[in-house]
Amino acid sequence: MRRNTLLGMLFTLAVLLFAIPLVPSVTKHSRPSPSRVAEPPPHPQTEARFKHKLVQQDMQATELLSRAQVNRDVRNFLRGKAKPDSDRTLRTLMRTHPEIHYAEWANNGKKRQLTASAVKPGLLKAAESHLALARSKPSNKKDDSGFAGYSSPIFDYGGKSYYVLSQHEETNGGKQSVVALVSSDVIQAVERHQRRNLRLVPYPPEGRYRIESVTPGSNNETTVRTGEDNGNASHYAVDEIVVKFRQPLKDRQLLQLRKHLELSVVRHTRQTYVFRSKKLKTEELKKYFADNWNPEFVEPHYLYLTNELQRNGSSGIRPEKSGATADTAFDASDEKPIIPNDTLYSEYQWNLPEIATENGWNLSKGSKDIIVAVVDTGVQADHPDLKGRLVGGTNIVDPSKPPDDDVGHGTHVAGIIAAEVNNNEGVAGMTWYTKIMPVKVLDSTGAGSTYSVAEGIIWATDHGAHVINMSLGNYAQADFLHDALKYAYDHGVILVAASGNDNTDRPGYPAAYPEVIAVSATDPDESRAEYSNFGDYIDVAAPGTSIPSTYPGSRYASLSGTSMASPHVAALASLVRSANPNLTNAEVMDLLNRTAKDLGKKGKDVDYGNGQIDVRAALRSASSTNVSLQLYPQQVRRQLEALKEKVR
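If you count the sequence shown from 1, position 461 lands on 753 in this note's numbering, and the numbers rise without skipping.
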């Protein structure tokens with residue numbers, strides 16, 4: 293009787309499997325063919341020239357962002373009318389902006405001067421001509437807010453760059469001014485970082501990893517001589533191997549391996565191990581375990597890299613908007629955009645109006661109960677624009693330390709999702725209340741192992757993440773990583789990943805896995821960004837060029853890349869879950885695809901997938917959806933398999 297009942301259930305599920313339409317974002321293997329043939333990528337020399345030009349533009353734009361934020365806070369300091377006999381507020385200003393190495397405050401004839409402890413005496417002498425001009429800036433050239441200012445050109449001292457700025461105010465209460473000497477080291481940091489992430493240099497560098505490069509999908513060795521070579525290579529640690537056994541090893545078995553192969557266990561999760569050998573290379577280790585242990589799989593220990601393309605500029609100035617209003621209930625007949633007062637928003641953040649975020653906020657601003665895990669380089673925990681938005685995270689790279697960001701990438705991604713909105717500070721994130729879980733899986737070079745990424749995904753899933761953003765990738769499929777993604781997906785997590793920045797249709801992972809929403813990047817004119825990867829595995833597109841966001845050192849930077857596009861989609865997924873908590877992860881994925889704005893060729897195409905995300909349309913659909921219990925194809929197949937096992 294029990295057997296007949298189970299067979300009846302199997303039959304019912306089988307009918308459901310064929311009756312339910314396929315969900316594109318989950319069943320990528322059954323997607324339609326691309327709507328057009330992809331154009332060949334530009335010649336490597338042409339692409340390199342384009343990227344070098346971007347480096348210069350980005351450095352100039354980073355400088356503009358730096359000056360804008362310091363000027364803003366200096367003006368706020370002057371408006372504060374602090375007591376002229378107190379240094380406390382001046383010290384606070386310098387703590388807030390550690391890039392200010394020297395500041396002087398003149399207030400009705402009284403002057404206070406503070407110098408950072410690490411400043412070399414020769415620096416002030418080198419800056420004296422600029423400081424003199426800053427002090428004497430005439431106050432009759434005022435702007436609309438009553439201030440007159442001065443900004444010097446960038447100048448070099450001791451191999452580093454600096455500039456001087458001042459703000460002068462004259463009111464009925466008297467005259468006051470602040471003159472500051474500011475380090476512009478962020479420009480050099482951006483240049484170094486950008487050259488790596490634009491693949492203008494071979495990446496990742498030798499150092500922490502003993503690296504070998506192979507052609508994706510094979511073990512054929514290749515040589516990475518230039519940055520462009522990275523687009524056709526996967527990287528792995530040459531003395532390590534990942535093995536998933538049929539069951540966890542016993543102590544005596546581990547001891548045998550250590551003695552026989554001179555192995556050490558780098559990491560271990562259940563029956564999956566990462567081994568490092570002093571005497572054997574990856575290929576030898578792979579053959580040994582395949583021949584002698586009958587593992588579920590054995591594979592190289594691949595490296596995954598950030599998918600960021602730094603372009604720190606204001607090339608995408610957001611369109612002018614008017615009619616800012618307080619938060620009101622949504623009324624389809626009188627929908628007004630909600631425009632926040634964040635200081636860099638109106639001039640620089642073209643991306644949020646482009647995807648109808650300001651209108652979507654009428655429907656949902658997010659929820660403090662929804663958590664987005666940023667699996668990345670970590671996040672600056674005390675950034676002033678991320679205060680109160682972080683929950684406890686983890687550092688997979690070094691479990692003894694907090695998940696602090698020593699690269700800049702993760703902090704930037706986190707700000708796109710959740711920088712505090714409407715706080716008169718910096719930038720606005722896409723969500724007003726959503727929490728960020730920092731999961732550090734990439735080290736200070738911006739690279740991390742497959743195992744680290746997988747372990748971070750599992751940790752985030754086990755600790756309550758509803759959405760996981762992965763602005764990282766490589767061109768190598770890794771079974772252990774896929775296991776981790778399936779584990780998260782089966783636990784209801786929405787997975788989002790960047791497609792990559794090599795302008796290729798080669799599938800990038802983890803984006804190309806069926807459980808993951810794959811994201812390409814768009815420019816302000818809605819064209820696919822020139823650097824963005826493409827292909828028939830792309831689900832949706834999102835703004836990725838010149839995206840301002842939070843940056844370590846309590847600063848801001850405007851970066852470009854599919855790394856910046858991906859968190860837009862993760863943030864929207866969190867807004868949808870806030871608007872309708874009853875939706876499953878498969879239903880959210882389907883909703884994002886269905887409500888995307890169709891761009892390019894009609895219907896799904898290789899550049900935009902189903903289109904560029906539309907916040908307003910997605911939240912309207914989520915708010916009006918009557919959810920009924922339904923099984924999606926992948927879930928049905930897994931339940932069928934489970935029932936078959938019971939019948940046996």
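We treat Cβ as the ideally placed atom computed from N, Cα and C, and that holds for glycine.
What you are looking at is a predicted structure, and each value in this text was computed from that prediction instead of being measured.
Asked                                                                                                                                                                          : Found
Select from Tyr394, Ser428, His389 and Pro873 the residue whose C-alpha is nearest the C-alpha of Arg1003.                                                                     : Residue 1003 falls outside the range modelled here, since the chain spans only 293 to 940, and no answer is possible.
Pick helix, strand or coil for His783, following the three-state DSSP scheme.                                                                                                  : coil
DSSP on His393, reduced to helix/strand/coil?                                                                                                                                  : strand
Shortest alpha-carbon distance to Val731 belongs to which of Val713, Ser763 and Asn714?                                                                                        : Ser763
Which parts of the segment 630-691 are runs of the beta strand (DSSP E), unbroken and 3 residues or longer, counting only runs that do not cross its ends?                     : 663-668
Judging by CA-CA distance, which residue of Arg908, Asn687, Asn885 and Ala529 is the nearest neighbour of Leu655?                                                              : Arg908
Within the continuous beta strand (DSSP E) that includes Glu462, where are the two ends?                                                                                       : Lys452 to Thr463
So, at 6 Å on beta carbons, what are the nonlocal neighbours of Ala813 in its own chain, with the 5 sequence-adjacent residues on each side left out?                          : Ala821, Ser824, Gly836, Thr854 and Ala857
Less than 8 Å separating the beta-carbons of Ser569 and Glu554?                                                                                                                : yes
Taking one C-beta from the segment 798-811 and one from the segment 752-769 each time, how about it: are there three or more such pairs within less than 8 Å?                  : yes
If I measure Cβ to Cβ from Val535 and keep anything under 6 Å in the same chain, skipping five residues before and after, which residues do I get?                             : Tyr565, Phe581, Pro587 and Val590
Please state if the CB of Arg798 and the CB of Ile728 are separated by a distance shorter than 8 Å.                                                                            : no
Taking a contact to mean a Cβ-Cβ separation below 8 Å, would you say Pro629 touches Asn643 in this structure?                                                                  : no
Using 8 Å as the threshold, is the C-beta distance between Val366 and Gln459 below it?                                                                                         : yes
Determine the direct distance from the alpha carbon of His774 to that of Glu532, and round the result to whole angstroms.                                                      : 19 Å
On the three-state DSSP scale, how would you describe Ala834?                                                                                                                  : strand
Since His422 contacts Phe439 with CB under 8 Å, what's their CB separation in whole angstroms?                                                                                 : Not quite, the Cβ-Cβ distance comes to about 19 Å (not below 8 Å), so this is no contact.
Please classify Leu547 as buried or exposed, where buried requires at least 16 neighbouring CB atoms within 10 angstroms.                                                      : exposed
What are the boundary residues of the alpha helix (DSSP H) that Asp882 is part of?                                                                                             : Asn877 to Arg886
Could you check the C-alpha separation between Met301 and Gly784 for me, to the nearest Å?                                                                                     : Confidence in Met301 is poor, its pLDDT being 46 and thus under 50, which makes the residue's placement unreliable; the coordinate value appears in the next sentence. In a straight line, the C-alpha of Met301 is about 24 Å away from that of Gly784.
If you check the beta carbons only, do Thr753 and Tyr779 fall under 8 Å apart?                                                                                                 : yes
Mapping DSSP to helix, strand and coil, what is His701?                                                                                                                        : helix
Just list the residues that DSSP pairs Ile760 with in beta bridges.                                                                                                            : Ala665 and Leu787
Nearest to Asn633 by CA position, among Glu712, Ala648, Lys452 and His675, is which residue?                                                                                   : Glu712
Is Leu473 close to chain C, meaning its C-beta is less than 8 Å from at least one C-beta of that chain?                                                                        : Within the model displayed, chain C is absent; a lone protein chain is all it includes.
Around the Cβ of Lys657, are there at least 16 other Cβ atoms within 10 angstroms (buried) or fewer (exposed)?                                                                 : buried
Give me, in chain order, the residues of the same chain whose beta-carbon lies closer than 8 Å to that of Phe537; leave out the 5 immediate sequence neighbours on both sides. : Gln563, Thr564, Tyr565, Trp585, Pro587 and Glu588
Helix, strand or coil for Asp775 per DSSP?                                                                                                                                     : helix
Residues in its own chain within less than 7 Å of Gly707 by CB, not counting five upstream and five downstream?                                                                : Asp677, Leu678, Val719, Gly721, Ser841 and Thr842
Taking a contact to mean a Cβ-Cβ separation below 8 Å, would you say Gly670 touches Pro691 in this structure?                                                                  : no
If Ile647 sits next to Ala834, beta carbons under 8 Å apart, how far is it from one beta carbon to the other, in whole angstroms?                                              : 7 Å
Is the distance from the Cβ of Ile786 to the Cβ of His860 below 8 Å?                                                                                                           : no
Out of Gly451, Asp350 and Leu473, point me to the one whose CA is closest to Pro445's CA.                                                                                      : Leu473
In its own chain, which residues sit with a C-beta less than 6 Å from the C-beta of Gly466, not counting the 5 before and 5 after it?                                          : Asn400
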